[in-house]
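Protein chains in written order, with this note's numbering: chain A, 18 to 343; chain B, 359 to 536; chain C, 9 to 417.
Here's the structure we're looking at; comments come further down.
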Amino acid sequence: MEILLFGIIGVVVLFSVIALNALILVYMERKVSAWMQSRLGPNRVGPFGLFQTTADIVKLILKENIRNDQSDKVIYFLAPILAFVAPFAAFVTVPIANTIGIRDLDMGAVYIFALGSSVIFSIIWAGYGSNSRYALIGAMRSAAQMVSYEVPMITAVLGVFLIAGSLSMREIVTMQANQTWFIVYQPLGFILFLIAGTAEANRAPFDLPEAESELVAGFHTEYTGLKFAFFFLGEYAAMLVSCCLIVLLFLGGWLVPFVDNSIIPAWIHITVFMIKVYLMIFLMMWFRWTFPRMRVDHLMGFGWKVLLPLAFINLVATGAVVLILK
Amino acid sequence: MDSFMQYFMINPVFYIFAGIAVLLAIAMLTMDNPVYSAIFMVLTFFCISVIYITLEAEFIAAIQVLVYTGAIMVLFLFVIMLLNLGRESDLVERSGPMKYISILLAFGILLQIGFAAKVTFGIGEKGMYPIEQVRLVGNTETIASLLFSQYVYPFEIASVLLLLGMVGAIIISKKKQE
Amino acid sequence: MSHDTQIKKEPSNLSSKQFRTDSPLIDQIPGRKRQILRESPESELKMEEFLLNVGPQHPSTHGVLRLVVALEGEVIKRCDPDLGYLHRTFEKISESRSYQQIVPFTDRMDYLGSMNANWGVAVAVEKLAKIEVPERAEYLRVIVSELNRIASHLMWMGAFGADIGAVTAFLYGFRERELILDMFEEICGSRLTYGYIRVGGVAEDITPKFDKLVREFLDILPAKLEDYHNLITGNPIFLERTRGVGAITLEEAISYGVTGPMLKACGMPWDLRKEEPYSVYPKFDFDIPVYYNGDCFDRFRVRMDEMVESAKIVIQALDGLPEGDYKVKKLARNIKPPVGDVYVRQEAPRGEYGVYMESDGSTKPNRVKYRTPSFSNLSILPLMTVGWKIADLVAILGSVDIVLGDVDR
């Protein structure tokens with residue numbers, strides 16, 4: 018009974034954190050893009066336009082649900098739910114401070130990757146279920162993209178696991194407290210993981226599944242209202258997961274640099290963690306608003322011919338060094 | 359029936375998910391639409407991974423999802439959509455003598471499984487790696503050390519086989535282009 | 009789900025059937041005419057042609073262009089442009105208006121290069137009616153049309169960036185274009201459809217403020233162009249997306265009647281300002297940028313360089329602006345040119361812009377025909393896109409720099 022109660026509280030807290038985070042991220046994305054494009058961004062609704070995203074969410078919820086006649090009802094309905102649930106579930110094993118986190122799993126990293134990989138289904142289902150050609154092309158692109166970028170992403174991060182000797186997020190961060198941040202040992206791994214993580218979260222310059230100028234809106238072309246909002250929420254949640262992973266695996270998680278972390282209170286750890294995560298998110302937004310979109314064959318070539326060999330070199334070199342030092 | 363309830367109470371999650379997995383597998387086989395079949399297959403894999411979790415084999419559960427659903431089934435769906443088999447029932451063959459032979463075979467296999475289940479229904483003997491021992495060193499470590507010591511040859515042979523398949527596929531597709 | 013609105017539409021899943029390949033693609037779209045031929049079972053599992061309807065409502069067709077594209081995977085097999093969604097009968101309506109009244113229609117044709125569009129008609133009428141235009145007016149025409157060329161290319165650069173996925177470039181292009189629009193607002197009160205160049209001269213003389221705005225803008229333009237080159241030209245993704253993409257040879261370009269920056273990108277420095285100098289262009293010192301690959305990247309570079317050359321012309325014209333009238337003082341309200349015809353061609357931002365006008369001696373022209381650069385340049389699109397990816401289609405279409413008002417008229 019206690020477990021059940023704890024679970025329900027955890028889910029509610031998690032949901033509100035992610036929903037709130039999505040609101041903040043949408044606002045942030047608009048302000049960042051406006052700043053980079055010498056615009057003002059939202060500034061009408063509330064102070065500094067802070068409630069603009071809230072107003073948008075209300076609009077999306079109230080919007081009429083339009084579904085085209087030839088779409089596949091069940092699949093069309095399931096896709097946005099999965100798009101949101103998978104990254105949401107991935108958060109279960111993300112710790113935000115030494116003692117704070119919903120559950121630390123023995124193989125937390127693999128769990129996150131597993132859930133991250135099931136996001137593809139939502140995109141494929143959306144593409145198939147909405148029975149639109151733009152959506153179908155978007156879905157096929159994303160299937161190819163996600164399968165290809167998962168391989169270098171996981172290979173790149175294996176170096177970290179080798180050094181840490183664990184797959185548990187909490188232990189990996191503890192290892193970084195004892196030694197130093199893993200970005201120092203794994204600079205190549207960090208860059209590869211950042212690139213592959215951006216691709217995995219479908220962010221520009223790898224946003225081919227929803228390439229606006231080519232495919233209108235890609236896999237969610239036919240979605241409106243609340244269902245569209247779920248895709249939106251899911252995308253930002255996936256971005257948050259990606260950035261949390263980068264911070265936890267390479268940037269020392271909640272650790273404050275150059276101080277003894279055992280005496281620092283938890284709330285500072287949480288703040289530091291959030292700052293790091295938001296800096297990484299800012300980096301991803303920076304990518305998005307400065308890079309052109311890649312073409313699909315260049316993208317595949319880049320993944321298989323550049324990222325993967327580099328990731329393997331990184332893995333073998335790390336393995337050799339770890340073996341020698343043992 | 360009494361004994362079944364006993365077992366059920368010991369591990370309800372297993373029986374629930376095992377039942378769902380069987381139902382989903384049946385649904386997968388009976389669907390006309392290959393996309394639906396693929397989706398039910400994905401769900402079946404999820405159920406199986408839950409069963410792995412009840413066995414505290416969390417690593418295998420995660421790998422099951424990562425590899426089977428995240429990679430293999432995506433490729434399945436990819437091929438289905440690429441060939442646009444979608445809502446066509448052309449591929450479904452419903453007649454012919456093969457149907458009766460396959461029913462017979464399926465029935466035989468079912469009987470065999472039932473027999474096996476009757477004999478070993480319940481908690482079996484402990485294997486070489488009981489959960490207490492796994493807990494001691496950790497899930498991932500146990501699998502890794504087994505995979506790279508005792509089972510290194512099967513492991514390598516499997517990977518070479520997969521590589522062969524990949525090379526073969528590339529050769530076939532390249533030949534067609536010429 | 010109960011309150012879902014259902015939109016009835018034709019099943020789009022017909023791509024699995026083999027369509028006839030000899031009829032135009034348009035006819036093969038479900039709903040128009042359906043040609044379904046069963047193929048033999050062994051070809052059932054091969055990758056089949058996939059018809060994609062791009063436009064008329066699509067973010068990257070620059071208006072209401074419709075393209076029917078036959079895909080194999082992501083590769084384009086054929087591409088059929090379907091025009092006419094913005095047809096407004098400008099040629100016919102020009103024939104039922106007096107000569108001065110034609111000018112405002114041309115604003116609505118090439119709305120990004122209105123000054124040039126006005127100019128062609130004005131010159132055609134002046135040639136027919138043998139009207140001498142004051143020299144100051146010619147200088148002013150050169151200034152505004154070259155400024156308009158810069159504005160058009162800036163906007164093109166932004167739109168091309170957006171097509172390729174660099175959305176930020178779009179806003180940058182607009183930011184600088186805004187300054188030019190401010191200048192035009194200063195002299196004619198209008199920001200898009202100017203009607204500034206009229207039969208017999210220009211509408212208003214320039215103001216000191218206009219002069220100041222132009223000089224300020226020309227001062228900052230090189231730095232801004234440098235910015236664009238840093239943002240776009242140096243980006244490896246941009247180079248990969250444009251280099252070699254949609255390349256055409258010079259022979260192909262000429263045989264399709266391609267003009268303007270697209271022709272210059274193929275290695276031919278053909279520019280009517282140099283080849284058939286009109287107005288006061290011979291007095292100015294400027295170069296024609298030329299590149300040799302004929303791909304999207306070279307079209308981009310030609311346009312970027314043309315902005316620099318146009319800036320040169322503007323500053324020379326502004327410095328050498330003669331005193332005098334800005335329009336013919338006495339002009340009949342209803343011009344009655346003698347019987348005859350004339351063909352005027354000029355270098356608009358998009359290429360050769362031609363006006364054919366035939367007079368029967370009355371107050372209205374007997375026949376008017378516009379030769380618009382966007383239309384001719386678009387005609388080579390089916391040739392350029394075959395074999396490229398769907399993502400390249402957008403890049404190639406963007407590099408053509410079409411204005412749908414100019415295509416459909």
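Ideal Cβ positions, reconstructed from N, Cα and C, are used throughout, including at glycine.
Between the CA atoms of residue j and residue i - distance to the nearest angstrom
i	j	result
LEU243 of chain A	THR71 of chain A	13 Å
TYR151 of chain A	PHE98 of chain C	35 Å
SER68 of chain C	LEU401 of chain C	10 Å
ALA340 of chain C	PRO64 of chain A	60 Å
TYR240 of chain A	VAL76 of chain C	23 Å
GLN36 of chain C	ALA173 of chain A	No answer about GLN36 of chain C holds up, because its pLDDT of 48 lies below 50 and its placement is not dependable.
GLY328 of chain C	GLU140 of chain C	20 Å
GLN354 of chain C	GLN54 of chain A	35 Å
ASN374 of chain C	THR380 of chain C	19 Å
MET386 of chain B	ASN85 of chain A	26 Å
ALA132 of chain C	ARG249 of chain C	41 Å
GLN69 of chain A	TRP303 of chain A	21 Å
SER104 of chain C	SER367 of chain C	12 Å
TYR286 of chain C	PRO142 of chain C	14 Å
Element boundaries [beta strand (DSSP E), containing residue i]
i	result
PRO373 of chain C	373 to 379
ILE83 of chain A	83 to 85
ALA356 of chain C	348 to 356
GLU8 of chain C	Because residue 8 of chain C is not part of the residues shown, which for chain C are 9 to 417, the question remains open.
Beta carbon proximity, residue i to chain A, threshold 8 Å
i	result
VAL394 of chain C	no
ASN243 of chain C	yes
VAL423 of chain B	yes
ASP368 of chain C	no
LEU505 of chain B	no
SER517 of chain B	no
GLY428 of chain B	yes
ASN497 of chain B	yes
VAL400 of chain B	yes
HIS66 of chain C	yes
ARG183 of chain C	yes
LEU189 of chain C	no
In DSSP terms, what residue i is bridged to
i	result
LEU75 of chain C	C:VAL62 and C:PRO89
LYS335 of chain C	C:GLY209
ILE8 of chain C	Summary: the structure shown does not reach residue 8 of chain C, with chain C confined to residues 9 through 417, and so no result is reported for it.
LYS397 of chain C	C:VAL83
Run of the alpha helix (DSSP H) containing residue i, from where it starts to where it stops
i	result
GLU234 of chain C	216 to 236
ALA132 of chain C	122 to 137
GLU283 of chain C	280 to 283
ILE323 of chain C	304 to 327
CYS260 of chain A	242 to 267
CYS405 of chain B	392 to 412
PHE417 of chain B	416 to 421
TRP284 of chain A	283 to 307
PHE94 of chain A	90 to 107
MET161 of chain C	According to the sequence displayed, residue 161 of chain C carries His and not Met. Where HIS161 of chain C is concerned, the enclosing alpha helix (DSSP H) stretches over 143 to 172.
TRP142 of chain A	125 to 146
ILE330 of chain A	325 to 342
PHE246 of chain C	244 to 250
VAL313 of chain A	313 to 318
Residue i at chain B interface by Cβ criterion, 8 Å
i	result
ILE128 of chain A	Sequence inspection shows Tyr at residue 128 of chain A; the Ile mentioned does not correspond to that position. With 8 Å as the cut-off, TYR128 of chain A counts as an interface residue toward chain B.
SER33 of chain A	no
CYS138 of chain A	First, the residue type needs correcting, since residue 138 of chain A is Phe and not Cys in the sequence shown. Closer than 8 Å: yes.
GLU167 of chain A	yes
8 Å Cβ cutoff, residue i in contact with chain C
i	result
VAL323 of chain A	no
MET317 of chain A	no
VAL49 of chain A	no
Min CB distance residue i to chain D below 8 Å
i	result
ILE398 of chain C	Going by chain labels, chain D is absent from the structure shown, which instead holds the protein chains A, B and C.
**OP:** For the region 293 to 317 of chain C, enumerate the residues whose C-beta is nearer than 9 Å to any C-beta of chain A, in chain order.
**Re:** Residues: none.
**OP:** Quick one: which residues of the region 151 to 174 of chain C get their C-beta closer than 9 Å to a C-beta of chain A? List them in chain order.
**Re:** If the cut-off is 9 Å between Cβ atoms, the region 151 to 174 of chain C has GLY169, ALA170, ASP171, ILE172, GLY173 and ALA174 near chain A.
Subject >> Contacting positions in the region 235 to 263 of chain C - beta carbon closer than 8 Å to chain A >> reply: Along the region 235 to 263 of chain C, the positions whose C-beta sits under 8 Å from a C-beta of chain A are LEU239, ILE240, ASN243, ILE245, PHE246, GLU248 and ARG249, read in chain order.
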